[in-house]
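Asker: Pasting a structure below so you can have a look.
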Amino acid sequence: MRKVLLFVALALSVTTSAKQSVTVNVQAGKPGATINKNIYGQFSEHLGTCIYGGLWVGPESSIPNTNGYRNDVLNALRELHVPLMRWPGGCFADEYHWMDGIGPKENRPRMVNNNWGGIVEDNSFGTHEFLNLCEMLNIEPYISMNVGSGSVEEAAKWVEYMNAADGPMAKIRKQNGREEPWHVRYIGVGNEAWGCGGNMRPEYYSDIFRRYQTYMRDYNGTHIVKIASGASDYDYEWTEVLMDRIGSQMNAVSLHYYTVAGWDGSKGSATNFSKDDYYWCLGKALGIEPVIQKHLDIMSKADPNHRIPLYVDEWGTWWDSEPGTQLFQQNTMRDAFVASLSLDVFHKYADRIQMTNIAQVANVLQSMVLTKDDKMVLTPTYYVYKMYIPHQDAKSLATTVDGCAVKLVRNERFKNNPAEGANRPLPLMSATASKAADGKIHVSLSNVDADEEQEVTVNLNDFSAKKVTGQILTSGAINDYNSFDNPNKVTLKEYKGAKIAKDGSITLTMPALSIITLEVE
Ligand code: AHR
Numbered sequence: 000m001r002k003v004l005l006f007v008a009l010a011l012s013v014t015t016s017a018k019q020s021v022t023v024n025v026q027a028g029k030p031g032a033t034i035n036k037n038i039y040g041q042f043s044e045h046l047g048t049c050i051y052g053g054l055w056v057g058p059e060s061s062i063p064n065t066n067g068y069r070n071d072v073l074n075a076l077r078e079l080h081v082p083l084m085r086w087p088g089g090c091f092a093d094e095y096h097w098m099d100g101i102g103p104k105e106n107r108p109r110m111v112n113n114n115w116g117g118i119v120e121d122n123s124f125g126t127h128e129f130l131n132l133c134e135m136l137n138i139e140p141y142i143s144m145n146v147g148s149g150s151v152e153e154a155a156k157w158v159e160y161m162n163a164a165d166g167p168m169a170k171i172r173k174q175n176g177r178e179e180p181w182h183v184r185y186i187g188v189g190n191e192a193w194g195c196g197g198n199m200r201p202e203y204y205s206d207i208f209r210r211y212q213t214y215m216r217d218y219n220g221t222h223i224v225k226i227a228s229g230a231s232d233y234d235y236e237w238t239e240v241l242m243d244r245i246g247s248q249m250n251a252v253s254l255h256y257y258t259v260a261g262w263d264g265s266k267g268s269a270t271n272f273s274k275d276d277y278y279w280c281l282g283k284a285l286g287i288e289p290v291i292q293k294h295l296d297i298m299s300k301a302d303p304n305h306r307i308p309l310y311v312d313e314w315g316t317w318w319d320s321e322p323g324t325q326l327f328q329q330n331t332m333r334d335a336f337v338a339s340l341s342l343d344v345f346h347k348y349a350d351r352i353q354m355t356n357i358a359q360v361a362n363v364l365q366s367m368v369l370t371k372d373d374k375m376v377l378t379p380t381y382y383v384y385k386m387y388i389p390h391q392d393a394k395s396l397a398t399t400v401d402g403c404a405v406k407l408v409r410n411e412r413f414k415n416n417p418a419e420g421a422n423r424p425l426p427l428m429s430a431t432a433s434k435a436a437d438g439k440i441h442v443s444l445s446n447v448d449a450d451e452e453q454e455v456t457v458n459l460n461d462f463s464a465k466k467v468t469g470q471i472l473t474s475g476a477i478n479d480y481n482s483f484d485n486p487n488k489v490t491l492k493e494y495k496g497a498k499i500a501k502d503g504s505i506t507l508t509m510p511a512l513s514i515i516t517l518e519v520e
């Protein structure tokens, strides 16, 4: 019997004392849109130790490296099948002058990273270093141009430098040791133009976008995907104005949505939090779905044939930084669930969402890896991305969850804020499924209940399971994480608990706080 309780601090909650029984219905015989692998994109900004110390230590470092890139991080990213990476920002991008980051390292001017702590950087990681990294790992690069403080000429020349086979920019590139163009396709025309990217109004940014996009040329058949700097969260007017004014000139528009407990004051500890904080956070993460729906509806008005995809090119959790750092935060089981629940939502809109970039790949916000000197740990979020690899470029399968308890979560702090203040529903189970090119079906299930296991039946409808294997990510506490001293507290394990029933459906008992991906043949 379920009871409804009111938590004064954070959450209106439904609790249960009995084991749950949930049915997951997968329309296995009706493959839908392809889940663009770029939904699994990463973001790497010159922020804290994401680039310097995280990806790059330089060839002279005593930390094992290949041409300056940390070997441990290279291996971790290689195993993650990262399809795409955004660089150099973020807010950093709108103060970055790419020409300072090419040529012999000793000649590169130093720069002040004004956005992130006023750190002086030596520009040793620039265009070549980023694009060569992408090439080594078979990652598609996404370059964010400086629109806020740069010039049209600077941006146009950057595209030419990266993509032209011949001409003045190609000549300089060749002098700098790179003969062939890199064929960069994804170009962001600014970042957060409403904020750190120039504090523009949407009307003004639309005019600026027109100028910049005019001079971003296609070279040698590399077609540039021009990405308009989109809205944050609930700023629907931004999307509306952009779609009206530059819908015909853009190839994609972005959206930023962070799972954050407000922008003023404390955002809360990454590791020290209550169960109510935990549930509120997952409700906030799921709050991205109505936000996506509203932006997509607005886009549909101006673009009824859905030519323009939505790129959620920044998302993830944002907690208080560890003291003395720039946005370095630990990563717990809570973050793992934010990842799985968000990816489940993105899959649902696979026909319209063609790219997302979790913020960020190393040492910043909801990262994949954390590094400290020569040590590296893989985060729980990393493992979610690993479990979800089979969904990349697979066909999405419509999936519903029936019979699961739903909590209503609310943060008292937002009681006077109409967008944030309402009760948010948080189903305690989330599921997504896809069909790969080889016919295998992958079903990912998240039991976010901190206390109760769930009896789950997965009905595949037109598909009868013959074989099932699985992987599980679980841990005893909501705030379990991998530290440099205890790097394997939360890791991926083989899961053998799924059974095939006579009717071809699958049954399993999911532990509390667990994420499972099943592979079904
Ligand atoms: O990801 C950190 C910052 O968040 C980015 O620089 C900016 O675009 C956003 O506000």
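First residue of the sequence shown: 0, per numbering that gives the first Met the number 0; consecutive thereafter. Even glycine gets a Cβ: it sits at the ideal position worked out from N, Cα and C.
Count the other CB atoms, across all protein chains shown, that sit within 10 Å of the CB of residue 379; report buried if there are 16 or more and exposed otherwise.
Answerer: Buried is the call here.
Asker: Check each candidate in 282, 464, 237 and name the one with the smallest Cα separation from residue 504.
Answerer: Considering only alpha carbons, the answer is 464.
Asker: Nearest by alpha-carbon distance to residue 320: which of 280, 274, 264 is it?
Answerer: Here the closest residue by C-alpha is 264.
Asker: What is the rounded straight-line gap between the Cα of residue 76 and the Cα of residue 415?
Answerer: One C-alpha to the other measures close to 42 Å.
Asker: Under 8 Å, do residue 392 and residue 138 count as touching if we go by C-beta distance?
Answerer: Cβ distance not < 8 Å, so residue 392 and residue 138 don't count as in contact.
Asker: Would residue 95 pass as a contact of residue 87 if the rule is Cβ separation under 8 Å?
Answerer: Taking 8 Å as the Cβ cut-off, residue 95 and residue 87 qualify as a contacting pair.
Asker: For residue 509, which residues from the same chain have a beta carbon less than 7 Å from its beta carbon, with the 5 sequence-adjacent residues on both sides left out?
Answerer: For residue 509, where only same-chain residues beyond five positions count, the Cβ hits under 7 Å are 444, 446, 452, 453, 455, 515.
Asker: Is the CB-CB distance between residue 318 and residue 268 below 8 Å?
Answerer: It is a contact, given that the beta carbons lie within the stated cut-off.
Asker: Which residues in the same chain have their Cβ closer than 8 Å to the Cβ of residue 9, if we skip the five residues on either side of it in sequence?
Answerer: Model confidence at residue 9 stands at a pLDDT of 46, short of 50, so the residue's coordinates are unreliable and nothing is read from them.
Asker: Using the rule of at least 16 other Cβ atoms within 10 Å of the residue's Cβ for burial, across every protein chain shown, is residue 436 buried or exposed?
Answerer: It counts as exposed.
Asker: For residue 425, collect the residues of the same chain with a Cβ closer than 7 Å to its Cβ; drop the 5 residues on either side in sequence, then sort them by chain order.
Answerer: Cβ neighbours of residue 425 beyond the five flanking positions: 278, 281, 282, 285, 405, 406, 408.
Asker: Within the continuous beta strand (DSSP E) that includes residue 83, where are the two ends?
Answerer: Residue 83 -> beta strand (DSSP E) spans 83 to 86.
Asker: What is the DSSP secondary structure of residue 211, counted as helix, strand or coil?
Answerer: Three-state result, residue 211: helix.
Asker: Report the option in 271, 330, 261, 351 whose CA atom is closest to the CA atom of residue 302.
Answerer: Out of 271, 330, 261, 351, 351 has the C-alpha closest to the C-alpha of residue 302.
Asker: Under the three-state reduction of DSSP, which class applies to residue 159: helix, strand or coil?
Answerer: DSSP places residue 159 in helix when its eight states are reduced to three.
Asker: Under DSSP, the beta strand (DSSP E) around residue 312 begins and ends at which residues?
Answerer: Per DSSP, residue 312 belongs to the beta strand (DSSP E) from 309 to 317.
Asker: If you measure from the CB of residue 364, is any heavy atom of the ligand FAD nearer than 7 Å?
Answerer: Questions concerning the ligand FAD fall outside what the structure shown contains, since the ligands it does hold are the ligand AHR.
Asker: Let me make sure I understand the geometry here. Which of 215, 494, 366 has the alpha-carbon closest to that of residue 335?
Answerer: The shortest Cα separation from residue 335 among 215, 494, 366 belongs to 366.
Asker: So is the beta-carbon of residue 88 under 7 Å away from any non-hydrogen atom of the ligand AHR?
Answerer: It does: the Cβ of residue 88 is within 7 Å (strictly closer) of some heavy atom of the ligand AHR.
Asker: Would you kindly check if the distance between the Cβ of residue 370 and the Cβ of residue 358 is under 8 Å?
Answerer: The answer is no: Cβ separation not under 8 Å.
Asker: Which value, in whole angstroms, describes the spacing of the CA atoms of residue 493 and residue 507?
Answerer: Straight-line Cα distance between these residues: approximately 14 Å.
Asker: Starting from residue 306 and walking both ways along the alpha helix (DSSP H), at which residues does that stretch end?
Answerer: Per DSSP, residue 306 belongs to no alpha helix (DSSP H) and is neither H nor E.
Asker: Taking DSSP as the reference, what is the three-state secondary structure of residue 401?
Answerer: Three-state result, residue 401: strand.
Asker: DSSP three-state call for residue 104: helix, strand or coil?
Answerer: Reduced to three states, the DSSP call for residue 104 is helix.
Asker: Could you tell me the distance, in whole angstroms, from the CA atom of residue 312 to the CA atom of residue 29?
Answerer: One C-alpha to the other measures close to 29 Å.
Asker: Going by the beta-carbon positions, is the gap between residue 224 and residue 192 smaller than 8 Å?
Answerer: No; because the gap between Cβ atoms is not below 8 Å, this pair is not in contact.
Asker: What is the DSSP secondary structure of residue 453, counted as helix, strand or coil?
Answerer: It is a strand residue.
Asker: Beta strand (DSSP E) containing residue 27: first to last residue?
Answerer: Careful: residue 27 lies outside any beta strand (DSSP E) and carries neither H nor E.
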